[in-house]
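Chains as they are written, first to last, in the working numbering: chain H, 15 to 246; chain D, 212 to 333; chain S, 4 to 266. The beta-carbon is built from N, C-alpha and C at its ideal position, and this holds for glycine as well.
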Amino acid sequence: MSVIFECRDLVKSYGNVTALKGISLQLESGRIVGLLGPNGSGKTTLIKLANRLLQPTSGELRIAGETPGVKTKAAIAYLPDKDFLPDWMKTDALLKFYGDFFPDFDRQRAEEMLMSLNIPSNLPLKKMSKGTREKVQLILIMSRRAQVYLLDEPIAGVDPAARDYILRTILNNYEENALVLISTHLIADVESVLDEAVFLKEGQIVLHKSTDEIREETGKSVDEYFREVFRC
Amino acid sequence: MKWDFKSGEPIYQQIMRVLRTQIASGEYPPGCRFPAVRELALEAGVNPNTMQRALAELEREGLLVTVRTTGKFVTEDQELISRTRSDLAADSIRALIGSLKNLGLTEEQILKEVEHSLKEVE
Amino acid sequence: MLGKLFKNEMKAMGRVLLPLYAVMVLASCLFAFNLRLSMDGFAKFFVEKFAIVTGVLFGAAVLVVGVVMVIMVIQRFYKNLLGTEGYLMFTLPAKTHEHILSKALSAFLWMVIGAVSGVIAGFAMVAITSNVPEFIRQVKEVWATLSPSMALAPVIWLIIMLAAGVMESMIKVYAAIAVGHQFNSHRLAGSVLAYLGFGIIEMILSFVGNKLHLLPARLLNSTNAAGFMSVRSMQTGTLMALIGIAVYGILCWYLLDRRLNLE
Chain H
15 MSVIFECRDL
25 VKSYGNVTAL
35 KGISLQLESG
45 RIVGLLGPNG
55 SGKTTLIKLA
65 NRLLQPTSGE
75 LRIAGETPGV
85 KTKAAIAYLP
95 DKDFLPDWMK
105 TDALLKFYGD
115 FFPDFDRQRA
125 EEMLMSLNIP
135 SNLPLKKMSK
145 GTREKVQLIL
155 IMSRRAQVYL
165 LDEPIAGVDP
175 AARDYILRTI
185 LNNYEENALV
195 LISTHLIADV
205 ESVLDEAVFL
215 KEGQIVLHKS
225 TDEIREETGK
235 SVDEYFREVF
245 RC
Chain D
212 MKWDFKSGEP
222 IYQQIMRVLR
232 TQIASGEYPP
242 GCRFPAVREL
252 ALEAGVNPNT
262 MQRALAELER
272 EGLLVTVRTT
282 GKFVTEDQEL
292 ISRTRSDLAA
302 DSIRALIGSL
312 KNLGLTEEQI
322 LKEVEHSLKE
332 VE
Chain S
4 MLGKLFKNEM
14 KAMGRVLLPL
24 YAVMVLASCL
34 FAFNLRLSMD
44 GFAKFFVEKF
54 AIVTGVLFGA
64 AVLVVGVVMV
74 IMVIQRFYKN
84 LLGTEGYLMF
94 TLPAKTHEHI
104 LSKALSAFLW
114 MVIGAVSGVI
124 AGFAMVAITS
134 NVPEFIRQVK
144 EVWATLSPSM
154 ALAPVIWLII
164 MLAAGVMESM
174 IKVYAAIAVG
184 HQFNSHRLAG
194 SVLAYLGFGI
204 IEMILSFVGN
214 KLHLLPARLL
224 NSTNAAGFMS
234 VRSMQTGTLM
244 ALIGIAVYGI
254 LCWYLLDRRL
264 NLE
């Protein structure tokens, strides 16, 4: 498998606050990677840089060999940690929108998933419950045959049943040769699906290892080890 | 997510133990076709790569056999299966003996207790 | 990608504007119809009152269309690009200038459609209240007296200047919003301040320009011999608007492309 996500000495400052302090990281396609760290450790900043929603202060970031731009945007399926869809849009309009803008969008797959949740096609987002809205967002993202999936806090603040649904949907739908990067601070909930873990602490990477290695070498679960590293 | 994983041991090893037990107990009978990696991964709630690794290891042990493109099958080697079964049994018994010895039981007492319990179960 | 963004933007704006335009045209017809009835002396008292009501409705509809148009220009840019919806828009495989252009062009097209429906409403009113053949005859008469003395060029240049001016004011609003977005808080207030700031800078520039006679006086004299605005001054106006579009457009593009920072 080849390196698809690469950053070198990546720095991002906001005024005099430095959110990322020179990060170097290589991630391969075909892997599910956890971007793990407490709130404010720089997870969202890194994901925003990869989506070109921010510009790096210095250093570089490449996705499939390209600096973030139109090409990488077409290759990345991004789930922000916000309600990012216009709330007046109905599900069928959203399907059309995604089909229009993303050639890799598999509309049939999305329709099947919406149908299995009994979400009517003429229901606008603002009439849905928060939980349903989040599922619709996830379904749209995971129905893309993308090369990279960047999922920012996909399971924050959801109940256990929804969490299972979300993780199952991710596992069931991601492209086998794609990189899936899941940012979260809830490690216990995702660690069984991760190949690799990247620990981010105060804007720096303190660890990047396979989860099996972490378990074998430390005799602890990734979650336990994480708590140890980040104990204050 | 159905399967429960303990901390501190690679997940693929824990999966292997579950699958080995399922094969030894006949839940997956000899010669039976094994589910696809993705299907099993979904059932266990783990990454397909992890499941793939567990299956590859089981294949190395000979419990699973890949038939060209049609998929993975449980071995028909009865002897291997029964050896696996007695290995698993030995593991459990060793663990049991360990904890009973910790309780301060002698070997004779252990035998007596086990016989007693067996009768009760019947 | 510009085409897709434009189509999407037309739909998003049309959702609000189309019903509004329909109400405007409908109100004008109702108003005219009642006016006609009261002129014909039908049930005088009732119809007169109703004519007033529909007249107010029509006036209100025109006013609302204008206000909503301005709000739409601001809101479609501020909310759709710089609010949480920006997470969707700026991760589409599109270039920054395509976002700005699609917003400006569709707002412009909806303004044209609004103007056209306003004209239709006006014609409908006249057509209903007056005798239609008589009205057409009058229009022809007016045209006949006007057309020989009226050259086509000033009319065309007036339209071009107005179009460029409208475009410039929109891009200026966009740029002001983009400047306001650079602040960490009070972004809306920042945008308003930026807009006022642009006005002050423009005033200073034109004052300095006048003092230094940067532009030859013949480009600025605003009326020609016949008392109409001269073509030359309209061309100058168009040029100024185009410069404004370029300056504010580049500023806006730079801020969105290089200094984006969504909340």
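Taking the Cα positions, H:K85 is about 21 angstroms away from H:K110.
Closer than 8 angstroms to the CB of D:F216 there is at least one CB belonging to chain H.
Under the Cβ criterion (8 angstroms, minimum of three pairs), the region 139-158 of chain H does not count as touching the region 54-74 of chain H. The beta carbon of S:S120 sits closer than 7 angstroms to those of Y24, M27, V28, all from its chain and outside the five residues before and after it, given in chain order. DSSP, reduced to helix, strand and coil, places H:D166 within a strand of the structure shown. By the neighbour-count criterion, in which 16 or more other beta carbons inside 10 Å mark a residue as buried, S:P22 falls on the exposed side.
Looking at S:L104, S:L165, S:K52, S:R140, the one whose alpha-carbon comes closest to that of S:G6 is S:L104.
The beta-carbon separation of H:R159 and H:D118, rounded to 4 angstroms, stays under the 8 angstroms limit for a contact. Listed in chain order, the non-local C-beta contacts of H:E210 below 8 angstroms within the same chain comprise L41, R45, I46, V47, G48, H222, K223, S224, T225, local neighbours out to five positions each way being set aside. Per the DSSP secondary-structure output, H:R245 pairs with nothing in a beta bridge. Among the residues of chain S, those whose CB is under 9 angstroms from the CB of H:L67 are G89, Y90, F93, T94, L263, N264, L265, following chain order.
The beta carbons of H:F213 and H:L39 sit no closer together than 8 angstroms. Under DSSP, H:C21 shares a beta bridge with H:L39, H:L75. By the CB criterion at 8 angstroms, S:V182 and S:A197 fall inside the cutoff. Assignment of S:E144 by DSSP, reduced to helix, strand and coil, places it in the helix class. Taking a beta-carbon distance threshold of 8 angstroms, H:I180 does not count as an interface residue toward chain D. Chain order gives the chain S residues near H:P94 as Y90, where near means a beta carbon separation below 7 angstroms. Exposure of S:F210 is indicated by the presence of fewer than 16 other C-beta atoms within 10 angstroms of its C-beta. Under DSSP, D:T277 forms a beta bridge with D:K283.
Between the alpha carbons of S:V158 and H:G29 lies a distance of about 52 angstroms. Interface flag for D:Y223 against chain H is set, since a Cβ pair is found closer than 8 angstroms. In the three-state DSSP reduction, S:F186 falls in the coil class, being neither helix nor strand. For the pair of segments examined, the region 234-244 of chain H was found not to touch the region 241-255 of chain D: the number of CB pairs separated by less than 8 angstroms stays below three. CA-CA distance, S:V76 to S:K106, rounds to 8 angstroms.
Burial is judged here by how many other beta carbons sit within 10 angstroms of a residue's own beta carbon; D:A306 has fewer than 16 and is exposed. Look at S:K7: its C-beta is under 8 angstroms from a C-beta on chain H.
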